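Numbering (the working numbering), first residue to last: 6 to 681.
Below you'll find the structure, written out as structure tokens, and then a few comments.
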């Protein structure tokens with residue numbers, strides 16, 4: 006007898022992300038939890054709090070003075086740190102009464118003046134210091150009832166000794182295991198401190214210590230761990246991942262956390278769920294081709310976002326969280342609908358086609374509209390009522406069916422698909438084993454065993470790396486070294502500019518070069534160049550603390566590579582230009598590898614992502630066709646790495662051509678050709 010499985014939002018295992026502001030998604034950037042919701046067969050929640058640490062998650066906390074009047078919903082706080090600690094929905098005891106927090110408002114960060122907005126009127130007057138927030142665990146973890154919980158606590162837990170920090174991690178794990186939750190951990194993103202040439206007042210070494218503690222703890226406790234900190238320290242010495250404000254990752258800068266989570270969740274078996282729902286809004290008023298890249302994913306509720314998905318701490322209340330958790334809106338037929346100004350489209354993963362006898366689509370509309378299903382055989386949307394007349398293979402493509410809802414104002418209250426056949430509910434695997442990302446060898450580069458000469462581009466032949474030939478004006482060689490020196494002064498309204506008469510900076514200096522000043526400065530002499538204003542003026546990522554410096558000697562140093570590859574050199578190429586090299590290889594199987602990044606510092610805003618792509622070709626006479634790397638690779642302003650296996654059918658010359666696709670330049674270094 007055939008079995009049945011219902012696929013809807015509720016059939017997806019839940020994963021909750023929590024941590025500090027690096028998980029929140031700040032300064033206009035998107036959170037990496039949101040990015041994961043686009044691709045994993047899991048229901049994603051983010052319950053992170055900017056400025057919070059493990060104390061706020063595990064323990065009661067208070068501080069400062071509060072004042073509230075009976076009948077009012079606003080609590081005034083003086084000398085409080087509510088912008089960093091409590092989360093909406095958390096309970097707070099004020100005097101003898103307990104309330105629930107609906108929203109948090111910060112009036113003055115320096116004076117620590119804040120407000121709490123309550124879900125109900127206060128029951129009595131109170132002014133004083135006798136108040137207490139409950140631990141954040143209930144509202145941030147337990148109430149979500151997740152199967153998985155991901156924790157990123159590092160930058161706001163610097164003062165603990167390693168033993169104390171590990172004890173806090175152990176308490177997190179104990180609570181997770183008691184509740185049947187699989188925990189996983191990430192280390193934080195390194196911020197742009199003074200040593201890195203940026204203005205953040207802390208020292209990134211604290212984050213490094215927490216990363217080591219996490220690694221040791223997760224290995225000992227057999228837990229999944231993604232080492233985001235040390236990976237970015239290897240791949241991103243200029244801290245482009247936090248370019249917007251020196252500490253919070255940009256949309257682009259979250260890519261390393263995404264890569265870590267992809268690997269960990271896959272190794273944990275969490276991505277093996279064959280049944281899931283992903284929702285999208287169409288780019289215009291017509292039902293789109295399901296493969297249209299302009300489809301806009303519906304949202305999970307990002308902290309600090311209001312009901313319109315705008316960055317607004319005060320507007321982030323319980324109602325905004327409900328509205329922005331758009332998967333929750335279609336989880337039950339309860340009158341709370343997902344709406345859209347354009348058609349709503351849903352990809353419903355149904356598992357292997359051969360196990361499917363039939364399916365039944367159930368959609369509860371919140372407004373007049375039409376429900377369609379995509380017929381892949383005819384390449385057209387058809388009314389859902391016609392679906393039972395078709396064999397499942399007409400509507401199932403890559404293990405998914407696509408449902409579309411159109412109308413004047415599309416609204417969906419519930420969506421589910423009942424599958425009939427050799428199907429069964431999916432259960433997450435549970436096992437304790439240490440899983441560490443990056444795996445051994447992922448980012449290690451060495452000359453030993455590398456068959457490609459000058460693969461780190463440090464050997465120079467004229468104005469090119471030895472063994473390489475360029476074509477086109479957009480092909481540039483960027484070796485490590487001092488590009489100019491002299492004597493100059495700090496200036497500008499914020500003293501974050503540097504001037505040198507007659508310097509010709511536009512001809513010698515590039516963004517991300519490092520100004521190094523020899524003047525015995527309190528925070529060191531490194532100043533990262535943000536942009537070149539003109540021949541005599543540079544815009545910097547920080548200013549010196551000293552007020553009166555006058556003229557100071559300086560060097561401008563270029564180090565365009567990454568710490569994983571010795572030498573600090575790279576080649577750069579724009580679309581229409583190229584670099585070429587070759588190497589003779591005997592018959593055999595090989596792996597070709599390289600590091601790459603998109604380069605456009607002027608575009609590295611909070612919500613920006615890299616727009617250009619890798620374009621690399623491998624060719625020899627014995628290949629049926631050239632091997633190419635292209636648009637399918639992730640691209641980022643952070644250095645990434647990729648490999649490709651290939652065969653040499655006979656002894657011959659392997660030709661390598663390096664280019665770019667898109668409006669921005671691409672940079673490459675750390676090439677490798679190794680025997681498999």
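Where a beta carbon is used, it is the ideal one built from N, C-alpha and C, also for glycine.
Keep in mind the model is a prediction, meaning the values are calculated, not measured.
Self-check item: Beta-carbon gap between residue 8 and residue 426 smaller than 9 Å
Solution: For this step, residue 8 is matched to residue 3 along the chain shown. For this step, residue 426 is matched to residue 421 along the chain shown. It is a contact, given that the beta carbons lie within the stated cut-off.
Practice problem: Could you tell me the distance, in whole angstroms, from the CA atom of residue 232 to the CA atom of residue 188? | Solution: Start at 1 with the first residue of the chain shown, and residue 232 comes out as number 227. Start at 1 with the first residue of the chain shown, and residue 188 comes out as number 183. Cα to Cα, the separation comes out at about 15 Å.
Self-check item: Limits of the unbroken beta strand (DSSP E) element including residue 188
Solution: Indexing the chain shown from 1 puts residue 188 at position 183. 187–191 is the span of the beta strand (DSSP E), which, as asked, contains residue 188.
Quiz item: Is it the case that the Cβ atoms of residue 646 and residue 599 are separated by a distance below 9 Å?
Solution: Mapped onto the chain shown, residue 646 falls at position 641. Mapped onto the chain shown, residue 599 falls at position 594. Yes, Cβ-Cβ distance for residue 646 and residue 599 is below 9 Å.
Exercise. Name the two residues that bound the continuous beta strand (DSSP E) containing residue 276.
Key: Here residue 276 is taken as the residue at index 271 of the chain shown, counted from 1. Unbroken run through residue 276: none, as it is neither H nor E.
Quiz item: Are the segment 358–374 and the segment 33–53 in contact at 8 Å, needing three or more beta carbon pairs?
Solution: no
Quiz item: For the segment 68–88 against the segment 109–127, are there 3 or more C-beta pairs whose distance is under 8 Å?
Solution: yes
Quiz item: Do you know offhand how far residue 406's Cα is from residue 95's?
Solution: Along the chain shown, one-based indexing puts residue 406 at 401. Along the chain shown, one-based indexing puts residue 95 at 90. Near 39 Å, if we compare the C-alpha coordinates of residue 95 and residue 406.
Quiz prompt | Length of the line joining the Cα atoms of residue 452 and residue 471 | solution = Your numbering for residue 452 matches position 447 in the chain shown. Your numbering for residue 471 matches position 466 in the chain shown. For residue 452 and residue 471, the distance between alpha carbons rounds to 16 Å.
Practice problem: Measure from the alpha carbon of residue 258 to the alpha carbon of each residue in 430, 272, 234, then state which is nearest. | Solution: Reading the chain shown from its first residue, position 253 is the one you call residue 258. Of 430, 272, 234, the residue nearest in Cα terms is 234.
Practice problem: Answer yes or no: do residue 40 and residue 153 have a C-beta to C-beta separation smaller than 9 Å? | Solution: Against the chain shown, residue 40 aligns to sequence position 35. Against the chain shown, residue 153 aligns to sequence position 148. For residue 40 and residue 153, no; Cβs fall outside 9 Å.
Practice problem: Identify the continuous beta strand (DSSP E) that holds residue 122 and give its terminal residues. | Solution: In the chain shown, the residue the question calls residue 122 occupies position 117. Note, residue 122: beta strand (DSSP E), 118–123.
Practice problem: Could you check which residue in 333, 370, 668 has the C-alpha nearest to that of residue 348? | Solution: In the chain shown, the residue the question calls residue 348 occupies position 343. Out of 333, 370, 668, 370 has the C-alpha closest to the C-alpha of residue 348.
Self-check item: Close beta carbons around residue 381, own chain, < 6 Å, minus the five adjacent residues each side
Solution: Locating residue 381 in the chain shown gives position 376, where the first residue counts as 1. For residue 381, where only same-chain residues beyond five positions count, the Cβ hits under 6 Å are 402.
Practice problem: Give the DSSP-derived three-state secondary structure of residue 144 in the structure shown. | Solution: Counted from its first residue, the chain shown places residue 144 at position 139. Note: residue 144 maps to helix in three-state DSSP.
Quiz item: In terms of residue numbering, what span does the beta strand (DSSP E) encompassing residue 539 cover?
Solution: Taking the first residue of the chain shown as 1, we reach residue 539 at position 534. 531–539 is the extent of the beta strand (DSSP E) around residue 539.
Quiz item: Between which two residues does the beta strand (DSSP E) carrying residue 108 extend?
Solution: Indexing the chain shown from 1 puts residue 108 at position 103. Note, residue 108: beta strand (DSSP E), 102–113.
Practice problem: Would you check if there are 3 or more beta carbon pairs closer than 8 Å linking the segment 172–190 to the segment 208–225? | Solution: yes
Quiz item: If we ignore side chains and look at the alpha-carbon of each, how far apart do residue 654 and residue 445 end up?
Solution: Indexing the chain shown from 1 puts residue 654 at position 649. Indexing the chain shown from 1 puts residue 445 at position 440. Spanning the two alpha carbons is a distance of roughly 30 Å.
Quiz item: Who are residue 398's beta bridge partners in DSSP?
Solution: Residue mapping note: residue 398 aligns to position 393 of the chain shown, counting from 1. DSSP, once it has assigned bridges, lists no residue as partnering residue 398.
Exercise. Tell me whether the beta-carbon of residue 602 lies closer than 9 Å to the beta-carbon of residue 641.
Key: The residue labelled residue 602 in the question sits at position 597 within the chain shown. The residue labelled residue 641 in the question sits at position 636 within the chain shown. Yes, they are a contact pair.
Self-check item: Closest by C-alpha distance to residue 583, when choosing among 660, 514, 523, 388
Solution: As a first step, residue 583 is located in the chain shown; it is residue number 578 there, counting from the start. Selected option, being the one with the closest Cα: 660.
Self-check item: Cβ separation of residue 89 and residue 57, assumed to be a contact under 8 Å, to the nearest whole Å
Solution: Translated into positions along the chain shown, residue 89 becomes position 84. Translated into positions along the chain shown, residue 57 becomes position 52. Their Cβ separation, rounded to whole angstroms, is 6 Å, which keeps residue 89 and residue 57 in contact under 8 Å.
Exercise. Keeping to the same chain, check which residues put their C-beta closer than 8 Å to that of residue 223; ignore five residues upstream and five downstream.
Key: Counting from one through the chain shown, the residue named residue 223 turns up at place 218. Closer than 8 Å at Cβ, skipping near neighbours: 190, 229, 230, 439, 441.
Quiz item: Roughly how many angstroms separate the alpha carbons of residue 443 and residue 649, rounded to a whole number?
Solution: As a position in the chain shown, residue 443 is number 438, starting the count at 1. As a position in the chain shown, residue 649 is number 644, starting the count at 1. Spanning the two alpha carbons is a distance of roughly 18 Å.
Quiz prompt | Close Cβ partners of residue 132 (< 6 Å) along its chain, the five nearest in sequence each way excluded | solution = Indexing the chain shown from 1 puts residue 132 at position 127. Hits under 6 Å: 72.
Quiz item: DSSP state of residue 41, grouped into three classes?
Solution: Working through the chain shown from its first residue, we reach residue 41 at position 36. Correct three-state label for residue 41: helix.
Quiz item: For the candidate residues 533, 536, 449, 540, whose alpha-carbon lies nearest to that of residue 509?
Solution: To locate residue 509, count along the chain shown from 1; it is residue 504. The shortest Cα separation from residue 509 among 533, 536, 449, 540 belongs to 540.
Self-check item: Three or more C-beta pairs below 8 Å linking the segment 13–20 and the segment 419–435
Solution: yes
Quiz item: Below 9 Å between beta carbons: does that hold for residue 37 and residue 28?
Solution: The residue given as residue 37 occupies position 32 in the chain shown. The residue given as residue 28 occupies position 23 in the chain shown. In contact: residue 37 and residue 28 (Cβ atoms closer than 9 Å).
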